[in-house]
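**Q** Going down the list, the sequences are from chains A, B, C and D.
Letter by letter, the first sequence follows residues 2 to 408 in my numbering.
Letter by letter, the second sequence follows residues 2 to 408 in my numbering.
Letter by letter, the third sequence follows residues 648 to 798 in my numbering.
Letter by letter, the fourth sequence follows residues 648 to 798 in my numbering.
Yeah, the Cβ is synthetic: ideal placement off N, Cα and C, and Gly gets one too.
Just so you know, these numbers come straight off a predicted model, no measurement behind them.
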Amino acid sequence: MPFDVEVVRKDFPVLSREVNGAPLVYLDSASSSHKPTPVLDAERQFVEQHYSNVHRGVHTLSQEATDAYESARSTVASFIGGAHDEVVFTKNVTESVNLVAYALGNRGDLGPGDEICVTEMEHHSNLVPWQMLAQRTGATLRWLGLTDEGRLDLSDLDAVVNERTKLFAFTQVSNLLGTENDVATLVARAKEVGALTLVDGAQAVPHQPVDVRSLDVDFYAFTGHKMLAPSGVGVLWGRDLDALPPFMGGGSMIETVQMTGSTYAPAPERFEAGTPVISQAVALAAACDYLDALGLDNIKAHENALTARLLDGIRDLRGVSVLGPDTTEMRGSAVSFVVEGVHPHDVGQSLDELGIAVRVGHHCAAPVCRRFGVPATARASSYVYNNEADIDALLEGIQRVQEFWSA
Amino acid sequence: MPFDVEVVRKDFPVLSREVNGAPLVYLDSASSSHKPTPVLDAERQFVEQHYSNVHRGVHTLSQEATDAYESARSTVASFIGGAHDEVVFTKNVTESVNLVAYALGNRGDLGPGDEICVTEMEHHSNLVPWQMLAQRTGATLRWLGLTDEGRLDLSDLDAVVNERTKLFAFTQVSNLLGTENDVATLVARAKEVGALTLVDGAQAVPHQPVDVRSLDVDFYAFTGHKMLAPSGVGVLWGRDLDALPPFMGGGSMIETVQMTGSTYAPAPERFEAGTPVISQAVALAAACDYLDALGLDNIKAHENALTARLLDGIRDLRGVSVLGPDTTEMRGSAVSFVVEGVHPHDVGQSLDELGIAVRVGHHCAAPVCRRFGVPATARASSYVYNNEADIDALLEGIQRVQEFWSA
Amino acid sequence: MTESLYQEIILEHYKHPHHKGLRDPFDVEVHHVNPTCGDEVTLRVKVNGGVVEDVSYDGHGCSISQASTSVMTDLVIGKPVDDALTTHEAFLELMHSRGQLEPDEDLLEDGIAFAGVSKYPARVKCALLGWMAWKDATSQALSSDQKKDTA
Amino acid sequence: MTESLYQEIILEHYKHPHHKGLRDPFDVEVHHVNPTCGDEVTLRVKVNGGVVEDVSYDGHGCSISQASTSVMTDLVIGKPVDDALTTHEAFLELMHSRGQLEPDEDLLEDGIAFAGVSKYPARVKCALLGWMAWKDATSQALSSDQKKDTA
Ligand SMILES: Cc1ncc(COP(=O)(O)O)c(C=O)c1O
Ligand SMILES: Cc1ncc(COP(=O)(O)O)c(C=O)c1O
Numbered sequence: 002m003p004f005d006v007e008v009v010r011k012d013f014p015v016l017s018r019e020v021n022g023a024p025l026v027y028l029d030s031a032s033s034s035h036k037p038t039p040v041l042d043a044e045r046q047f048v049e050q051h052y053s054n055v056h057r058g059v060h061t062l063s064q065e066a067t068d069a070y071e072s073a074r075s076t077v078a079s080f081i082g083g084a085h086d087e088v089v090f091t092k093n094v095t096e097s098v099n100l101v102a103y104a105l106g107n108r109g110d111l112g113p114g115d116e117i118c119v120t121e122m123e124h125h126s127n128l129v130p131w132q133m134l135a136q137r138t139g140a141t142l143r144w145l146g147l148t149d150e151g152r153l154d155l156s157d158l159d160a161v162v163n164e165r166t167k168l169f170a171f172t173q174v175s176n177l178l179g180t181e182n183d184v185a186t187l188v189a190r191a192k193e194v195g196a197l198t199l200v201d202g203a204q205a206v207p208h209q210p211v212d213v214r215s216l217d218v219d220f221y222a223f224t225g226h227k228m229l230a231p232s233g234v235g236v237l238w239g240r241d242l243d244a245l246p247p248f249m250g251g252g253s254m255i256e257t258v259q260m261t262g263s264t265y266a267p268a269p270e271r272f273e274a275g276t277p278v279i280s281q282a283v284a285l286a287a288a289c290d291y292l293d294a295l296g297l298d299n300i301k302a303h304e305n306a307l308t309a310r311l312l313d314g315i316r317d318l319r320g321v322s323v324l325g326p327d328t329t330e331m332r333g334s335a336v337s338f339v340v341e342g343v344h345p346h347d348v349g350q351s352l353d354e355l356g357i358a359v360r361v362g363h364h365c366a367a368p369v370c371r372r373f374g375v376p377a378t379a380r381a382s383s384y385v386y387n388n389e390a391d392i393d394a395l396l397e398g399i400q401r402v403q404e405f406w407s408a
Numbered sequence: 002m003p004f005d006v007e008v009v010r011k012d013f014p015v016l017s018r019e020v021n022g023a024p025l026v027y028l029d030s031a032s033s034s035h036k037p038t039p040v041l042d043a044e045r046q047f048v049e050q051h052y053s054n055v056h057r058g059v060h061t062l063s064q065e066a067t068d069a070y071e072s073a074r075s076t077v078a079s080f081i082g083g084a085h086d087e088v089v090f091t092k093n094v095t096e097s098v099n100l101v102a103y104a105l106g107n108r109g110d111l112g113p114g115d116e117i118c119v120t121e122m123e124h125h126s127n128l129v130p131w132q133m134l135a136q137r138t139g140a141t142l143r144w145l146g147l148t149d150e151g152r153l154d155l156s157d158l159d160a161v162v163n164e165r166t167k168l169f170a171f172t173q174v175s176n177l178l179g180t181e182n183d184v185a186t187l188v189a190r191a192k193e194v195g196a197l198t199l200v201d202g203a204q205a206v207p208h209q210p211v212d213v214r215s216l217d218v219d220f221y222a223f224t225g226h227k228m229l230a231p232s233g234v235g236v237l238w239g240r241d242l243d244a245l246p247p248f249m250g251g252g253s254m255i256e257t258v259q260m261t262g263s264t265y266a267p268a269p270e271r272f273e274a275g276t277p278v279i280s281q282a283v284a285l286a287a288a289c290d291y292l293d294a295l296g297l298d299n300i301k302a303h304e305n306a307l308t309a310r311l312l313d314g315i316r317d318l319r320g321v322s323v324l325g326p327d328t329t330e331m332r333g334s335a336v337s338f339v340v341e342g343v344h345p346h347d348v349g350q351s352l353d354e355l356g357i358a359v360r361v362g363h364h365c366a367a368p369v370c371r372r373f374g375v376p377a378t379a380r381a382s383s384y385v386y387n388n389e390a391d392i393d394a395l396l397e398g399i400q401r402v403q404e405f406w407s408a
Numbered sequence: 648m649t650e651s652l653y654q655e656i657i658l659e660h661y662k663h664p665h666h667k668g669l670r671d672p673f674d675v676e677v678h679h680v681n682p683t684c685g686d687e688v689t690l691r692v693k694v695n696g697g698v699v700e701d702v703s704y705d706g707h708g709c710s711i712s713q714a715s716t717s718v719m720t721d722l723v724i725g726k727p728v729d730d731a732l733t734t735h736e737a738f739l740e741l742m743h744s745r746g747q748l749e750p751d752e753d754l755l756e757d758g759i760a761f762a763g764v765s766k767y768p769a770r771v772k773c774a775l776l777g778w779m780a781w782k783d784a785t786s787q788a789l790s791s792d793q794k795k796d797t798a
Numbered sequence: 648m649t650e651s652l653y654q655e656i657i658l659e660h661y662k663h664p665h666h667k668g669l670r671d672p673f674d675v676e677v678h679h680v681n682p683t684c685g686d687e688v689t690l691r692v693k694v695n696g697g698v699v700e701d702v703s704y705d706g707h708g709c710s711i712s713q714a715s716t717s718v719m720t721d722l723v724i725g726k727p728v729d730d731a732l733t734t735h736e737a738f739l740e741l742m743h744s745r746g747q748l749e750p751d752e753d754l755l756e757d758g759i760a761f762a763g764v765s766k767y768p769a770r771v772k773c774a775l776l777g778w779m780a781w782k783d784a785t786s787q788a789l790s791s792d793q794k795k796d797t798a
């Protein structure tokens, strides 16, 4: 089916809301997306007719629920080119990253003299877990810096990722700058030195086709609520999860339990302690189906058009500057900008008075703000349901903000 | 309002389902409960009209979502007699327990010579995390055994909980035996030796009034999906959460982040890394409201009547025996039973053919099965929506199972 | 009570299991457990000249696991190992078919009664317990045989 | 553009802040940060004979934090510490009222312009930044004063 944004919009009830007397212009999907009616209906239908706990029963509902949950796992796995048993359902991408960090720690992979490498553009969720792991183990955290254009500075890649590097964790697309990284180059270097790779795909999977096999990484993590699914469900994909010891202990992740000690189930169950995020996984699979039906290539093209319109529009405004890449080349749809003389909080609040929702703050990537010498930014991010009118409303809104604050 | 189970049943669409040609008799709520229409509607209404990420924005939807999420926290806190900032939303009770286990480990509370105490009736989720913590730190795991009646054997309480005990973790109500423990006695002993206490309330909170202050414990954990809320949301209540270091790192749990190190937000945010379980928390609050409207005392009385009917009925059957307390005295509504000569899996499967859903297996409490010398049990557990007809159907069903398997 | 899962044949084997009881002589003994339900089987295999000479076992568990082990012994005892492995493969395939496969009666004989079990994922492990134990024991017997040969 | 949040008074103080710039003499200097938006204030307090003799500050941040700090200095400078603390309490209460409180104009003067801010929880921290810094600095000044007294 051809991509028709006006048809898509009908699936999102919130878009007919008014905010402060104006129609809602939602440009905050990089923070969290809305959820279409078919996804909500799929979850509800499951909960109302087939719900039960999974994995532990022989009765009909329990089997139906297990089927739905495991087939959701297959759907999500295919969505990123992975296999069923390589997919663990977590609460969010943050848990996915912490899972790997704790499991590597529990395996004893790291100690003094070892290094963990990240980048200066990481979301806190792909930074703080590694800081904490370094602290627990005595390992050293290193990172790649950024160029003025908001790209990774690869000039010292070989020094920063080196023989001591045990793990290289980086984002595929920056949630603040919009920058898309060249995963192949980074993975190639990691492979040269024998480091494991973990890619944070939170801003990639919702917006473009992703194939974990061709990316050739060890771990890939993403989060449901940014891709039309409910809050409360994330994913960790791993090439060889069985090689990791458990993270959390509890029901379902065990093989045998005695008071004196336990053995653990194979992956993915080993990493899903307790009752999993059952109906949320079912909804995430429905979201994958919804995105597949739209076509990830279509979505990417649609977003690129909007991003280009926004970047071009901002370029024409005086006193407004963009942090991060200025074209759609190797770039996602999150556009951070700064309005000269107006604090980002005031920009965001004033836009909200016009019904326009953008995010303001450090976007959980405080080191990027520090790198660019700003306390915060305003960020507009579009998704499947945004149209040109949304972008134009924002551009018009920024000008009204400027007028108001220079009055 | 007076408690009328037939009115309650109307809120649960699944109860009008047929299973294998018979009306569904759902007696598996100890594993997971169904969710009433008002709870599902509350979540849906929130998601369709007020959804956004929380805590990080100034725009209207973001404020509405934050309000809804934080007011859900207040509701859940009041539901157990706690205060707003003492409640952390997790994925399930398993995460709640692991949170405390990892945080105590990260704080360096435990080492060789220290002891952690549990009981032989714990669910794996309140056992395996402590086994793993003991393994990581060199501490020793000890436990209270069980009497033949399925009560805690308190004869060696003073030896098992002693000056070396750093933490005493136990369940309020056993999910396999139904046994309700005397929290006061156990907490008193823990206080004598200065041990922290953690109570697993997964089988208590859904079924009876709970007040964490009068229980006088340090940590109290429970899970949403067993109390009419969706899967994917659990709770950790803590008396002094600010005294714990973080568990998972990531967005929202930080105060300041630099590449070289971070500082952390106060509780509860410190323990909610990443995008939290937003709409699930809202639904959990709606479930608390629903339970409050029914009245926890009414619910307890209703369940006691059903449990008594079941225990009495089984007592009259030849070749069927109950594991755990034989009366409703200090007892929950989960009733495990064994049918002589028929394997529990066959019991469960045969009952399912009559539309009756019971759980079979070790119920994530394998040590209890070992203690009583059975490989598994069948377990029937009732909740707000079960009626006498359900119990009678089960009693009749057990007899048909016996006939079938003795033919 | 309907009998969609519990076919007559299954009940027959459950109540009157074939080849049950541990016997000598044997090459290899294994012990397998289904951790989710506590079913256990101890199983012995004697292989001779490429033929499954004997399989004996003891254990406890649900009707499905017990009957399936009984059926298995009928199907493999006295057969060339290669043929027995083919049967094993076919049974495995059937169990993972979720009710979508028409079983081959010539190959699986009484085993076709388990076709319905494949619709109950929670029970598939029960049905496979004895079969997996046999496969494990036979592989061990073969590889120790090989070692003897090359020694 | 509506001005529900951005009252004229707030914009006035934001554009023309009172008492801004760090001054001598002072007893205590503190530095407070709002980590969620990066707003910062450095603030000095001089207390003399139970009276807030001077408050001076520097910093950067959004209109709400800047204007609120400016209004605060107007309200506390020259007042007995006890009265200033009462005003502080009243402002705190107003900020946590979620728009449900009718502010006391006699006590809060220009501060009543912030009543609307209390409806925006995300901005309450901005409005409190300077006030919290002042409270912190004043407590320190008082306790070091006490130490001097008792020494
Ligand atoms: C007593 C008890 N503790 C812990 C759990 C684990 O709960 P969850 O799976 O929601 O983490 C359960 C239920 O499965 C339980 O009954
Ligand atoms: C790049 C990136 N990584 C990680 C996260 C954290 O996701 P979550 O909050 O769902 O764990 C986000 C979004 O908040 C993100 O944009």
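Whose C-beta lies closer than 6 Å to the C-beta of G139 (chain A) among residues of the same chain, with five residues either side of it excluded?
**A** G112 and P113
**Q** Using a Cβ-Cβ cut-off of less than 8 Å, list which residues of the region 757-776 of chain D approach chain B; keep chain order.
**A** Cβ proximity to chain B below 8 Å picks out Y767, P768, A769 and R770 from the region 757-776 of chain D.
**Q** For I255 (chain A) and V89 (chain A), I'd like the C-alpha separation in whole angstroms.
**A** 15 Å
**Q** Could you check if H678 (chain C) is buried or exposed, using at least 16 other CB atoms within 10 Å of its CB as the buried criterion?
**A** exposed
**Q** Out of A:S383, A:P376, A:T276 and A:S263, point me to the one whose CA is closest to I300 (chain A)'s CA.
**A** Comparing Cα positions, the closest option is A:S383.
**Q** With the cut-off set at 8 Å, would you say V278 (chain B) and K92 (chain A) are in Cβ contact?
**A** yes
**Q** Sorted by chain position, which residues of the same chain lie with C-beta nearer than 7 Å to P39 (chain B)'s C-beta, five sequence neighbours on each side aside?
**A** Result list for P39 (chain B): D12, A287 and Y291, in chain order.
**Q** Less than 7 Å separating the Cβ of H124 (chain B) from some heavy atom of ligand 1?
**A** yes
**Q** In whole angstroms, what separates the C-alpha of D115 (chain A) from that of M133 (chain A)?
**A** In a straight line, the C-alpha of D115 (chain A) is about 14 Å away from that of M133 (chain A).
**Q** On a CA-only basis, which of D:H735, D:K766 and D:K726 is nearest L748 (chain D)? Give me that one, please.
**A** The candidate whose alpha carbon is nearest that of L748 (chain D) is D:K766.
**Q** Between the C-alpha atoms of S351 (chain B) and V402 (chain B), what's the straight-line distance to the nearest angstrom?
**A** 6 Å
**Q** Express the C-alpha separation of T198 (chain A) and D1 (chain A) in angstroms, rounding to a whole number.
**A** The question about residue 1 (chain A) has no answer here: the residues shown for chain A are numbered 2 through 408.
**Q** Would you say Q64 (chain A) faces chain C, with C-beta separation under 8 Å as the test?
**A** yes
**Q** Can the beta-carbon of S744 (chain C) be found closer than 8 Å to that of I657 (chain C)?
**A** Contact: no.
**Q** Is the CB-CB distance between G374 (chain A) and V361 (chain A) below 8 Å?
**A** no
**Q** Check whether the region 174-190 of chain A touches the region 327-344 of chain A, counting contact only when three or more Cβ pairs, one atom from each stretch, lie closer than 8 Å.
**A** yes
**Q** Tell me the start and end of each unbroken beta strand (DSSP E) in the region 222-303 of chain B that is at least 3 residues and wholly inside, in chain order.
**A** 235-239, 255-259 and 262-265
**Q** How many angstroms separate the CA atom of A284 (chain B) from the CA atom of D68 (chain B)?
**A** 14 Å
**Q** Would you kindly report the start and end of the unbroken beta strand (DSSP E) that includes C118 (chain A)?
**A** E116 to T120
**Q** In the DSSP assignment, find the unbroken alpha helix (DSSP H) run with G82 (chain B) in it and report its ends.
**A** Annotation: G82 (chain B) is outside any alpha helix (DSSP H) and is labelled neither H nor E by DSSP.
**Q** For the beta strand (DSSP E) containing N681 (chain D), list its first residue and its last residue.
**A** V675 to N681
**Q** Any beta carbon of chain D sitting closer than 8 Å to that of G58 (chain B)?
**A** yes
**Q** How would you label A355 (chain B), buried or exposed, when you count the other beta carbons within 10 angstroms and need 16 or more for buried?
**A** Correcting the residue type first, residue 355 (chain B) is Leu in the shown sequence and not Ala. Classification of L355 (chain B): buried, given that the 10 Å Cβ count is 16 or more.
**Q** Among the candidates A:D393, A:A230 and A:P345, whose CA atom is the shortest distance from the CA of T308 (chain A)?
**A** A:D393
**Q** Under 8 Å, Cβ to Cβ, is there at least one residue of chain A near D353 (chain B)?
**A** yes
**Q** For ligand 2, any of its heavy atoms closer than 7 Å to the Cβ of V258 (chain B)?
**A** no
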